[in-house]
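Participant:
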Amino acid sequence: IPNFTRITNTFYDELVLNDNQIIEIHKNAFQGLRVKRLNLSGNKIRFISSQAFIELSNYLEELIIEFDSNYINDIPNAIKMNLINLHSLKLINLNLIEIKNHTFIKFRKLEQLSIIKSHIKSIESDGFISLINLHYLNLEQNFLNDSSWNSLIKYLPNLEILYLSQNNFNYLKKIHLKYLKILDLSSNGLQYIDRNIFHSLEKLYLQNNEINSLQLTFLYSLKNLKELNLDFNRLTFLPEKIFQINFNLIYLSLQGNDLNYLTNYSFYGLNNLIHLNLARNRLQFLLNQQPFQYLNSLKILNLDRNLQMNITKNILKDLSKTLIELSLQNCNLTKINFSLNFFYSLQRLKLSSNYLKELPKNFLNYSILSIDLQRNLFTFIPNLFEYNSSNLIDLDLSSNQISYLNQYDLLKYSNLKTIGLTANPLDCNCHLQWIKQWLKDNYEQDLIKFLQWTCAKPKYLFGKQLTIINEHDMICNENEIIEQETTIESTLISILSSTNIPLTSIKTNIIHNSTIESSLNELIIKDITYNSSGILIISWEYMLSQLPKYYYIQIYDKNHQHMIYQRLIDGQQQSIEIDISDYIEKSSPFYIVCINIEHKKYCRNIFLKLNTNLIKSSSLILTSNKQENEQFIYLLGGILLGAILVCSILIIICYYRLHYYSKENFSQISSINSDEIKSLKTIYYHPLNIISYPQQQSNNTSECSLHSSIETNHLTNDSYHIYQQIPSVHNCQLHLTKTHILI
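With the sequence shown counted from 1, adding 643 to any position gets you this note's numbering.
1. Taking the beta strand (DSSP E) that residue 1166 falls in, what are its first and last residues?
2. If you follow the beta strand (DSSP E) that residue 1195 is part of, which residue opens it and which one closes it?
3. What's the call for residue 719, buried or exposed, on a 16-neighbour Cβ count within 10 Å?
4. From residue 967 to residue 955, what distance separates their C-alpha atoms?
5. Consult DSSP for residue 849 and reduce its assignment to one of helix, strand or coil.
6. Does residue 1276 pass the burial test, meaning 16 or more other C-beta atoms within 10 Å, or should it be called exposed?
7. Opposite residue 1186 in the DSSP bridges: which residues?
8. Go through its chain and collect everything with a Cβ distance to residue 739's Cβ below 8 Å, but skip five positions before and after it.
9. Would you be able to state if there are at least three C-beta pairs under 8 Å between the region 852 to 861 and the region 802 to 811?
10. Anyone know if the C-beta pair for residue 729 and residue 750 falls short of 8 Å?
11. Is residue 976 closer than 8 Å to residue 992 when the C-beta atoms are compared?
12. Report all residues from its chain with a CB closer than 8 Å to the CB of residue 1044; omit the five preceding and five following residues, and keep chain order.
13. Are residue 900 and residue 876 touching if we call contact CB-CB under 8 Å?
14. Could you check whether residue 1193 and residue 1166 sit closer than 8 Å to each other, using their CB atoms as the reference points?
15. Per DSSP, what are the beta-bridge partners of residue 1243 in this structure?
16. Do the CB positions of residue 584 and residue 1197 come within less than 8 Å of each other?
17. In the DSSP assignment, find the alpha helix (DSSP H) that holds residue 1107 and state where it starts and stops.
18. Tell me the DSSP bridge mates of residue 1023?
19. Smallest Cα separation from residue 845: which of 1003, 805, 883?
20. For the alpha helix (DSSP H) containing residue 721, name the first residue and the last one.
21. Would you call residue 878 buried or exposed, if buried means 16 or more other Cβ atoms sit within 10 Å of its Cβ?
22. Starting from the Cα of residue 883, find the closest Cα among 1281, 937, 1118, 1008 and give me that residue.
23. Measuring only the C-alpha atoms, how far is residue 904 from residue 1013?
24. Mind checking whether residue 1017 and residue 1046 have CB atoms under 8 Å apart?
25. Find out if the Cβ-Cβ distance for the pair residue 1035, residue 1011 is shorter than 8 Å.
26. Going straight from the alpha carbon of residue 705 to that of residue 787, what length do you get?
27. Buried or exposed: which applies to residue 1289, given that a residue is buried once 16 or more other Cβ atoms fall within 10 Å of its Cβ?
28. Quick one: grab the DSSP three-state call for residue 749.
29. Which two residues bound the contiguous beta strand (DSSP E) that contains residue 755?
30. Could you tell me the distance, in whole angstroms, from the CA atom of residue 590 to the CA atom of residue 1177?
31. Measure from the alpha carbon of residue 1026 to the alpha carbon of each residue in 1039, 731, 1037, 1006, then state which is nearest.
32. Quick one: residues in its chain with C-beta nearer than 7 Å to the C-beta of residue 692, no 5 flanking neighbours on either side, listed in chain order?
33. Helix or strand or just coil, what does DSSP make of residue 910?
34. Let me confirm a value: residue 659 is counted as buried when at least 16 other C-beta atoms fall within 10 Å, else exposed. Which label applies?
35. Starting from residue 1085, trace the alpha helix (DSSP H) in both directions and tell me its first and last residue.
This is the structure:
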């Protein structure tokens, strides 16, 4: 502890020494200080003198302290004996193992107690005796289990807030804490919750547990509940009217479960709900379904990462008057076929990370303030409103395919303050000069330099920031014509089916046979019959020895690609009778029947001829598009013909070049005097590499020069060279037996 300069009669509210390297606290370490709150978190304290803190005993009300668990195995006596007037105590990283009896016997004023990450496995029966004023208890990140419940609450009659996340509780039984308002049991592996618990609870956090749909009956006793978090559990459906008692609930999060459908009564009773999070599920909606009809106060709806969701106007229309924020991020949306201008109060819309290329005309109401369209496939700024006036302030089009910006598309948003164009392939030519002036008029000047708008064209500006390049560099060629091309494409997601092929969304047209073979021999739809009374009878056979827990039956209208019926049935059944007379349409005889097992779908196409007993079913035929096949054949044939033609040309060229060089060599050799050739044994050769041969020295007084015996002027411009070494001879007589010929 530093030796502070003491100022007489000064009372400090707080002394903050967190995140230092303090490891010891000695006697009189705070001599002369009067402080109300002391923060020593982020240190690794190994030793505390038994006389420490005495000088603070009459002043200190709140202590936060962190230890080195390798050295401290119990709450130091200096705290238990010298700081009995504390109102709030937070102990971090002890190696406590067990809270023993009478540990806090002297802390009668203590109102808040936190013992975090301290390896606590158990609590003795009188561990919390005398803490009658305690209303806040935090025991997160320990190893407490179900055997600790009784001793945990035995002496805490006034407890209001209890945090027990990251422990080892498996069930929550009926316990009497009549004033408890906030309970956190997240990340425990919790599997069972007693139905009659904590009638006074207002906030309940149960994320990251093992709770299934059948365990939600505990909600019937929580009529005062305002916040409920059930993220990342094992919910597959919501029992109808499960929230009928929770009319005070304003926040509900069901993210990261395995919910695959909702009914019209899933949220019955939640008239005051404001925030609903359904992200990261597998939701699919029926054509005429209205799951949100009872959410009369809902303002925020999150449907992110529901990858197979078939969203329609009918599903959302009940939220038209109240919804302020709608999030449909990462939902595999390729097209939105309906306008959202029926939302009268919508202010924030999030559609990022989809595959959208365009939006319907008059897409939004004028109430919208912010729209997020990042990571889509837009090539232009979409027309969002009917007229050129709106309240839009923030438009984010980052990470799209926009290269050209129409000045009028942007200027019609008169109130726009920020626009995101990061990671777009901008063409920074003369037609984009106007945006620099727009930035000056609409952006804070200090923020313009931070915009990451990068040029992709022209080449001399590639990779440079649009905001810092000179306008004089943004030029167009004389003959350059800039056209704004708007490509409107739609991706057809076909619902394919067969007797034993999983139903999937197909983005490519070619499916290999291995896909079919990999899913055989698990379930076979044996027979489908339909009578004039509207009863559809489906029978099947499950091929594996261990039956599934349940089957999930779905019926799709193949023409409109909507689900018209769904039902969950027991895994023991092998047939079902369904009255579909209210669901089928006279104009649509083609349907798809699917049986789901876990994450697989086994389907069959059916043809219903109404007013008769006729039903036809068919297997799925997986073929590639005929036109694309023809194009592929033509392309492959063209490549082969081209390759043959190129090879033929190369062979002809090589043949004529070899023939030409052989004739030229012969003519040059014949032009040289035959006598000289015989005497010198000279060979003409077109070398691949230049060879250097060392010249032999001789004691003779004369040497014969090659150039003295041969006239080589005619070879001056030739690419052929003469390689010859003439050894030393007497009187310039050649010794033919010693002549070296280098080739």
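C-beta atoms are modelled at their ideal positions from N, C-alpha and C, and glycine is treated no differently.
Predicted model only: the values in this text are computed from it and were never measured.
Facilitator: The relevant details are as follows:
1. 1166 to 1173
2. 1193 to 1200
3. buried
4. Taken atom to atom, the span from the alpha-carbon of residue 967 to that of residue 955 is near 18 Å.
5. Note: residue 849 maps to coil in three-state DSSP.
6. Residue environment: residue 1276 is assigned as exposed (fewer than 16 neighbouring CB atoms within 10 Å of its CB, all protein chains considered).
7. In the DSSP output, where bridge partners are listed per residue, residue 1186 has none listed.
8. 716, 717, 718, 758, 761, 762, 763
9. no
10. yes
11. no
12. 1020, 1021, 1022, 1067, 1068
13. Closer than 8 Å, so yes.
14. no
15. 1240
16. This structure leaves residue 584 out entirely; the chain is present only between 644 and 1386.
17. Looking at the DSSP string, residue 1107 is not in any alpha helix (DSSP H), and its letter there is neither H nor E.
18. Answer is none; residue 1023 lacks a bridge partner.
19. With distances taken between CA atoms, residue 845 lies nearest to 805 out of 1003, 805, 883.
20. 720 to 725
21. buried
22. 937
23. When rounded, the distance between both Cα atoms is 30 Å.
24. no
25. yes
26. 25 Å
27. Exposed, by the Cβ-count rule.
28. Coil at residue 749, not helix or strand.
29. 755 to 759
30. Absent from the model: residue 590. The displayed extent of the chain is 644 to 1386, so no value can be given.
31. 1006
32. 668, 669, 670, 721
33. The answer is coil: DSSP assigns residue 910 none of H, G, I, E or B.
34. exposed
35. 1077 to 1085
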